[in-house]
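Since the structure comes first, as structure tokens, the remarks are kept for the end.
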Amino acid sequence: MIFVKLENHAYFYELSDIIRMYFGKVEITLLDCLDSGCLQQAEENDVLLISSIQADDDVLACKCEYRTHGLQRHQVSESVEAVDSLYEKEAKRLVKKTMYKLLSEVLNREYPWGILTGIRPVKLVHELLEQGRTEEDIHNQLQTRYLVSEDRIALGIEIAKTERPIIYPIREKSVSIYVGIPFCPSRCYYCSFTSNDIRKCKAQVDPYLNSLEKEIKAVSHYLRNKKAAVQTIYLGGGTPTALGVADLDRVISAINEGFGSTCEEFTCEAGRPDSITAEKLRIIKEGKVTRISINPQTMNDVTLARIGRAHDSRQIVACFEMARHLGFDNINTDLILGLPGEGEKELAHTLSEIRLLNPESVTVHAMAIKRASILNEKAESFPSAKEQNATALMDQAKLQLKEMGLYPYYLYRQKHMVQNLENIGYSKKGFECIYNIQIIEEKQSIVAFGADAVTKAVFNRENRLERQHNIKDIRLYIQNIDRQIDSKLKLLEDMFNAAEQ
Ligand SMILES: C[S@@+](CC[C@H](N)C(=O)[O-])C[C@H]1O[C@@H](n2cnc3c(N)ncnc32)[C@H](O)[C@@H]1O
Ligand code: SF4
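Numbering that gives the first Met the number 0 puts the first residue of the sequence shown at 0, with every later residue one more than the last.
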């Protein structure tokens, strides 16, 4: 057990992020008792971390101690000048930084993103560029204030520079669309996304599509009245191709009727190869979809069976050939690094197979053990990843993808990622997915439809965003569709009003 004692601050949540990076999913107990017996017990049992802060005039001084068995083992302290307006932000940063330095020195381990624990590390680079900082200054800030590694600094700056011409200039009346299909052919063991085994809920498909159509009709009518332009559309999930041919056609037609006229990019996740047929691909192509995803995750058949993918690598190759034959010229593939039983050798095999498929983009995910996944629930029945150094696997992927002419264009992180790493989208020049960039960098509103879909309204002038969550449970989503449409329209109305003022 890890015990934490805070003195003169309450940044327990921020510190827990750093502590979990080093100790994994341990129980972290906040000690609020000052009595020496209580401290004694904590120290004897396990690790006690004490974080304190002192403010004197404009100087913030932070100290962090590591104790075990009643003894102080190590201590780190640092101070900075902070003006009133930045006090809170600087205090949080310093508390995290001293804890990170303490644990990295005691446990002799550092992480590539240093104290940047959020989902969108590249956002900070954009913020600094906005402030007119030079690349050299940004480099120094990331290195000294946030302890980011050299290669992640270079990666962050490279990605921000690629993204900027796509994000800017911001067009106030431009939005992107997300449509979620919460069904899959079966459930993959690592996944915790909104997915329901379609074989077990056939009766829900038709009522679900009725509600989805109603939502799309009402909101597209509103957006047309507002003269909003839809820049990109993303049909994801789940697995849209888990639907039958007629249902898939119905969804794509509803989307095109609602939003098709101004769209620059339309992605459809064809996802699991065992859900793809030539007929479905034809419907997708005729439905003006410009980009599809065919996702191997790995090209090793033993692993595919182990993670419940219910398809093999030959099916992936066959789907690719089918898609190319039908004229798809923008295909993405998703990979996961650090899958059970996989290491350098398995990754090398996957990448050499991917090279033959020659996709326009590859999205490389670092394995995240999600609480709601079968892999987490039955962890003891899976072998662990062979490669303990997941950062080395990421570097190996980056190098080989570069040789294939693919370069990083967007990046994000999730909770519980192995070694606090990241997911990176790589693409050939000119094949960057605009939707992926817009959803991560949050300068454009995303209007989202379907169960568990989250609409994000960006109030650019006020530099803030507001969310509207649709209900995750399919039955409840269907029952409450009118209420969800109303709250989405209300949020959009607030957003357009703010933009027009
Ligand atoms: C929302 S899923 C949809 C993809 C599609 N249904 C499929 O399975 O091919 C998007 C991607 O997230 C990634 N992913 C899902 N769960 C993950 C996990 N636990 N760790 C890392 N990546 C994960 C996979 O690469 C997956 O293709
Ligand atoms: S990875 Fe894709 S197919 Fe597998 S359960 Fe998740 S969403 Fe469904």
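Note that CB positions come from ideal geometry on N, CA and C, so glycine has one too.
query	result
Please identify the residue among Glu465, Thr454 and Arg460 whose C-alpha is closest to the C-alpha of Ile484.	Thr454
Specify, as a first and last residue, the run of the beta strand (DSSP E) that Cys515 falls within.	In the structure displayed, the chain extends from 0 to 500; residue 515 sits before or after that span and is not available.
Among Phe11, Ile137 and Tyr188, whose alpha-carbon lies nearest the alpha-carbon of Asn375?	Tyr188
Any chance the CB of Ser103 is under 7 Å from a heavy atom of ligand 2?	no
Does DSSP classify Ser219 as helix, strand or coil?	helix
Less than 8 Å between the beta carbons of Ile439 and Ile165, yes or no?	no
Could you spell out the range, first to last residue, of the alpha helix (DSSP H) harbouring Val94?	Tyr86 to Leu106
Considering only DSSP beta bridges, list what Asp333 is partnered with.	Thr362
Output needed for Ala391: all residues of its chain with C-beta closer than 6 Å, excluding positions within five of it in sequence on either side, in chain order.	none
Can the beta-carbon of Tyr411 be found less than 8 Å from the beta-carbon of Ile118?	yes
Measure the alpha-carbon distance for Ile232 versus Ser274 and round it to whole angstroms.	21 Å
Considering just the uninterrupted stretch of the alpha helix (DSSP H) at Asn496, what are its terminal residues?	Ile480 to Glu499
To the nearest angstrom, how far is it from the Cα of Thr362 to the Cα of Ala389?	16 Å
Does Val301 pass the burial test, meaning 16 or more other C-beta atoms within 10 Å, or should it be called exposed?	exposed
Taking only the alpha-carbon atoms, compute the straight-line gap between Ile480 and Met0 and give it to the nearest angstrom.	45 Å
At the level of alpha carbons, what is the spacing between Ile353 and Gln418?	25 Å
Within the continuous beta strand (DSSP E) that includes Asp451, where are the two ends?	Premise fails: Asp451 is in no beta strand (DSSP E) and is neither H nor E.
I think Gln443 touches Ser175, with their Cβ atoms under 8 Å apart; what is that distance to the nearest whole Å?	6 Å
Does the beta-carbon of Thr143 have 16 or more other beta-carbons within 10 angstroms, so that it is buried, or is it exposed?	exposed
Under the criterion of a Cβ to heavy atom distance below 7 Å, does Glu268 qualify as lining ligand 1?	yes
Hey, would you say the C-beta of Tyr411 is under 7 Å away from at least one heavy atom of ligand 4?	The ligand content of the structure shown is limited to ligand 1 and ligand 2, which means ligand 4 is not among them.
Do you know whose CA, among Pro272, Gly155, Arg323 and Glu341, lies nearest Asp311's CA?	Pro272
Per DSSP, Phe458 is paired with what?	Arg463
With respect to the alpha helix (DSSP H) encompassing Thr302, which residues constitute its N-terminal and C-terminal limits?	Asp300 to Arg305
One question on the structure: do Leu115 and Ala159 come within less than 8 Å of each other, judged by their Cβ atoms?	no
Does the pairing of the segment 170–184 with the segment 444–464 give three or more beta-carbon distances under 8 Å?	yes
What does the alpha-carbon distance come out to for the pair Lys401 and Glu461?	39 Å
Hey, could you find the ends of the beta strand (DSSP E) Arg72 is sitting in?	Leu70 to Glu80
For Lys62, write down the residues that DSSP places opposite it in a beta bridge.	Ser51 and Ser76
Going by the DSSP bridge assignment, what does Pro407 pair with across the sheet?	Tyr425
Can the beta-carbon of Leu5 be found less than 8 Å from the beta-carbon of Cys63?	no
Could you check if Glu264 is buried or exposed, using at least 16 other CB atoms within 10 Å of its CB as the buried criterion?	buried
What does DSSP give as the partner residues of Phe182 in its beta bridges?	Asn195
Pick out whichever of Ile306, Arg323 and Met321 has its Cα sitting closest to the Cα of Leu336.	Ile306
DSSP on Met416, reduced to helix/strand/coil?	strand
Going straight from the alpha carbon of Ile251 to that of Lys213, what length do you get?	14 Å
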